[in-house]
Amino acid sequence: MTTLGHWINGVMVADSGRGQSVFNPATGAVARQVAMASKTTVESAICAAANAFLAWRDTPPLKRARVMFKFKELIERNADRIVHAITEEHGKVLDDALGELQRGIEVVEYACGAPDLLKGEHSRDVGPEIDSWSEMRPLGVVAGITPFNFPAMVPMWMFPLAIVCGNCFVLKPSEKDPGAAIILAELLAEAGLPPGVFNVVNGDKEAVDTLLTDPRIQAVSFVGSTPIAQYIYSTGTAHGKRVQALGGAKNHAVVMPDADLDNAVNAVMGAAYGSCGERCMAISVVVAVGDPVAEAMIAKLAPKVRALKVGNGMDRSSEMGPLVSGPHRDKVRGYIDSAEADGATVVVDGRGLVVPGHEAGYFLGGTLLDRVTPHMQSYREEIFGPVLQVVRVPTLEAAIGLIEAHEYGNGVCIFTTNGGTARAFSNTINIGMVGINVPLPVPVAYHSFGGWKRSLFGDLSIYGPDGIRFYTRRKTLTQRWPMTPLASAQFSFPSN
Ligand code: NAD
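Numbering-wise (the numbering used here), the sequence shown opens with residue 1269 and increments by one.
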């Protein structure tokens, strides 16, 4: 059985130390082993990045962007290989894996515009014979720590922009599905990226803690669960680093009485059960405004949830694959048990699902719960599985109150045919990303992605314009080439 090592200084590095199994969630079989980097291994990656920094910083932005153009081409040529690695280790269906890869490519496309994005600002004649300008300088060595649910896209939210801004990068991908990150590293090298500019260390807390405390790391981007995001933010900032830490979510879809229900049902189906609900922007709660809306939504949703084609993600006819691991499947099942015990109605129960030929896989059928209330554990916590809960409220104001009271603030959407209602809702709601008749309002690559409340720790969102801001720091220069020498010393504070 192969053991996946690390990518350091432009080459694969074997590691015979601590390791961990990577499972194929559709079969429950071990696909490979992955090495768990020691502190020393992570330090060697940081050292490679630090050594590469000065030359990369001084490489013209246009040349950095050319590497990204080539990289995009290579990803597209190797898409099949990357997508199969994602499905084998994560379980999501192939089309969904291709979708996440495409969203990652879009960030690479945005990064190709770096020469324009890094132009800075210039002002002539800010004083007598004085000009001033601001430059956006790279930070140095920066790190990314990423979750299991988007093994290609989330790393690509980070490193293309970090690199094109002139930084060197150390990525610590999820130990559950590390395969895609190593392929991306190989392709970056093939695209002409100098050794050391991009490094991958596989591992767990030991690797993460080394990145958080090493003084050579200037900034950390993190995406994962909220408790770990908070830990990353507090530890990283305590060690003087710039940190953006994106956390978990509970995304509500408000359905108004005037909504086009067929459209809402189809939109919610994909957003709730796509990727088996393992998306930070997954819709996990339908907030039905009025009992008639709840009844109608459930009547339309239930047969579709029962009819979901659940199977191996490699099978092109599957609509939903397995959950990522056995313990996670059991945790999601536990939320359904607790909701039932707390009085929710189990309209469609996925707990008994068996996929023939895949009895050892981590499957769970689509589940639909009605009459869920805010005090239930299944409502308060992020489930991250194929479980859609319906909460009934009497008015839009009650829907807004419910959502505002939740600790998470990643995404939300409203289904309505009334522009005024949509506008009032989006004006008020304290959530970072809002969809109007759009269930997964994941911003495109030239905007930025970020939640509010306990879904993001830090000041800047990820990728897009905020990504450029995060991976650069401003240097402002003021310059005078005097045509006339200063006649005398001036002791008053310089002003115009
Ligand atoms: P996770 O928090 O368990 O792990 C994320 C990363 O942190 C991994 O690389 C992991 O190795 C590392 N890690 C885990 N425990 C650690 C510890 N104690 N100390 C240091 N590092 C540790 O998250 P996950 O289960 O891989 O991913 C799912 C979570 O990610 C969900 O909560 C989901 O909402 C969230 N997520 C959020 C976004 C977003 O944009 N807000 C996007 C994708 C996923």
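Think of the CB as a built atom: it goes at the ideal place given N, C-alpha and C, for glycine as much as any other residue.
For residue i, tell me which candidate among the options has the shortest Cα-Cα distance.
{"i": "Asp1399", "options": "Val1310, Gln1758, Leu1745", "result": "Leu1745"}
{"i": "Glu1403", "options": "Tyr1378, Asn1580, Arg1737", "result": "Arg1737"}
{"i": "Trp1401", "options": "Arg1748, Pro1753, Gln1758", "result": "Arg1748"}
{"i": "Met1426", "options": "Ala1457, His1390, Arg1371", "result": "Arg1371"}
{"i": "Arg1405", "options": "Val1476, Cys1433, Asp1617, Ala1333", "result": "Cys1433"}
{"i": "Ser1606", "options": "Leu1576, Pro1590, Arg1574, Ser1646", "result": "Ser1646"}
{"i": "Pro1571", "options": "Glu1608, Asp1617, Asp1472", "result": "Asp1617"}
{"i": "Gly1625", "options": "Thr1295, Ile1276, Asp1283", "result": "Thr1295"}
{"i": "Ser1543", "options": "Leu1621, Glu1608, Leu1366", "result": "Leu1366"}
{"i": "Pro1707", "options": "Ala1692, Ile1566, Ala1540, Asp1727", "result": "Ala1540"}
{"i": "Ala1430", "options": "Ile1697, Pro1329, His1274, Ile1682", "result": "Pro1329"}
{"i": "Ala1303", "options": "Pro1642, Met1751, Gly1558, Glu1474", "result": "Glu1474"}
I think residue i touches residue j, with their Cβ atoms under 8 Å apart; what is that distance to the nearest whole Å?
{"i": "Leu1407", "j": "Ala1487", "result": "5 Å"}
{"i": "Val1655", "j": "Val1600", "result": "6 Å"}
{"i": "Pro1441", "j": "Asn1470", "result": "7 Å"}
{"i": "Ala1459", "j": "Lys1338", "result": "4 Å"}
{"i": "Cys1436", "j": "Gly1464", "result": "6 Å"}
{"i": "Val1361", "j": "Met1588", "result": "7 Å"}
{"i": "Val1523", "j": "Val1561", "result": "5 Å"}
Taking the alpha-carbon positions, what's the residue i to residue j distance?
{"i": "Leu1439", "j": "His1596", "result": "24 Å"}
{"i": "Gly1669", "j": "Ala1497", "result": "26 Å"}
{"i": "Gly1735", "j": "Gly1515", "result": "17 Å"}
{"i": "Arg1349", "j": "Arg1742", "result": "39 Å"}
{"i": "Val1615", "j": "Thr1635", "result": "8 Å"}
{"i": "Arg1660", "j": "Val1555", "result": "6 Å"}
{"i": "Ile1451", "j": "Met1280", "result": "11 Å"}
{"i": "Pro1762", "j": "His1390", "result": "20 Å"}
{"i": "Ser1502", "j": "Ala1333", "result": "33 Å"}
{"i": "Val1491", "j": "Val1511", "result": "11 Å"}
{"i": "Lys1509", "j": "Ile1314", "result": "15 Å"}
{"i": "Ser1306", "j": "Val1298", "result": "23 Å"}
{"i": "Phe1652", "j": "Ala1713", "result": "24 Å"}
{"i": "Leu1461", "j": "Thr1355", "result": "27 Å"}
{"i": "Leu1456", "j": "Ala1692", "result": "46 Å"}
{"i": "Ala1453", "j": "His1715", "result": "25 Å"}
{"i": "Tyr1630", "j": "Arg1286", "result": "25 Å"}
{"i": "Leu1621", "j": "Ala1353", "result": "25 Å"}
{"i": "Phe1717", "j": "Val1376", "result": "15 Å"}
What is the residue span of the beta strand (DSSP E) that residue i lies within?
{"i": "Lys1440", "result": "1436-1440"}
{"i": "Thr1696", "result": "Premise fails: Thr1696 lies in the alpha helix (DSSP H), 1687-1696, not in any beta strand (DSSP E)."}
{"i": "Val1409", "result": "1409-1413"}
{"i": "Ser1756", "result": "Per DSSP, Ser1756 belongs to no beta strand (DSSP E) and is neither H nor E."}
{"i": "Trp1275", "result": "1274-1276"}
{"i": "Ile1704", "result": "1701-1704"}
{"i": "Met1304", "result": "Unbroken run through Met1304: none, as it is neither H nor E."}
{"i": "Cys1351", "result": "Residue identity check: residue 1351 is Val in the sequence provided, not Cys. Per DSSP, Val1351 belongs to no beta strand (DSSP E); it is in the alpha helix (DSSP H), 1347-1358."}
{"i": "Asp1399", "result": "1398-1406"}
Could you please give the first and the last residue of the uninterrupted alpha helix (DSSP H) stretch that includes residue i?
{"i": "Ser1606", "result": "1594-1609"}
{"i": "Ser1552", "result": "Note, Ser1552: premise wrong, no alpha helix (DSSP H); beta strand (DSSP E) at 1551-1557."}
{"i": "Arg1325", "result": "1307-1325"}
{"i": "Lys1746", "result": "The sequence given here places Thr at residue 1746; Lys does not occur at that position. Looking at the DSSP string, Thr1746 is not in any alpha helix (DSSP H); the run it does join, the beta strand (DSSP E), is 1740-1748."}
From the beta carbon of residue i, is the nearest beta carbon of chain E less than 9 Å away?
{"i": "His1715", "result": "Considering every chain present, this structure includes no chain E. It has just one protein chain."}
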